[in-house]
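Visitor:
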Amino acid sequence: MRTKKNLSDKTLEKLDKIIGGVRTFGELVLSHRTADEITQAELARRIGISQQQLCDIEKNRKPVSIYRAKDIAEALGYPDYIFVERAIQDSLDKAKLDYNVTLSHKKKLSRLKQKTAAA
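With the first letter of the sequence shown counted as 1, position 57 gets the number 495 in our numbering; the numbers rise by one all the way through.
Shown next, in the form of structure tokens:
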């Protein structure tokens with residue numbers, strides 16, 4: 439059985455396009471939670487917070503740390519970089535800093551550098 443963590447690159451690209459329409463971390467969590475038919479109570483239980491705290495996150499009333507973003511991604515079964523990237527972007531946006539965040543995995547980047555050097 440395939441888990442969401444083992445999605446193909448093509449599937450992840452499609453997911454990234456869908457997520458591109460999501461403007462905030464809270465919207466990202468809400469959209470994935472409801473798409474997977476998980477209640478707020480269940481997701482809150484999985485990540486060890488109250489349902490009210492999760493509601494505050496989904497309504498963008500409470501910022502999240504990178505660690506919490508990772509926990510939420512794991513609880514929903516999605517790659518953590520999607521949620522971590524959005525959490526960092528929210529922090530930059532709230533600070534009115536005009537930057538865009540794009541994360542890349544260190545191991546994949548290292549392999550790419552090795553392949554490039556060998557060529």
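Where is the CB? At the ideal position from N, CA and C, for every residue including glycine. All of these numbers come straight from a predicted model, not from anything done at the bench.
When you compare each of Gly-486, Thr-477, Ser-503 to Gln-527 by their alpha carbons, which one comes out closest?
Guide: It is Ser-503.
Visitor: Cα-Cα, which of Val-467, Gln-552, Arg-461, Lys-544 is closest to Arg-506?
Guide: Closest option to Arg-506, Cα to Cα, is Val-467.
Visitor: With a threshold of 8 Å, are at least 3 pairs of Cβ atoms found where one atom belongs to the segment 532-542 and the other to the segment 469-487?
Guide: With the cut-off at 8 Å, the segment 532-542 and the segment 469-487 do not touch.
Visitor: Can you tell me whether Arg-440 is helix, strand or coil according to DSSP?
Guide: Note that Arg-440 has pLDDT 40, beneath the 50 cutoff, so the model's placement of it is unreliable and no number is given.
Visitor: Could you say which of Tyr-519, His-543, Arg-524, Glu-496 lies nearest to Thr-477 if we only look at CA atoms?
Guide: Comparing Cα positions, the closest option is Glu-496.
Visitor: How many angstroms separate the CA atom of Arg-484 from the CA atom of Leu-541?
Guide: In a straight line, the C-alpha of Arg-484 is about 25 Å away from that of Leu-541.
Visitor: On the criterion of 16 or more Cβ atoms from any shown chain inside 10 Å, does Arg-499 qualify as buried, or is it exposed?
Guide: With fewer than 16 Cβ atoms within 10 Å of its Cβ, Arg-499 is classed as exposed.
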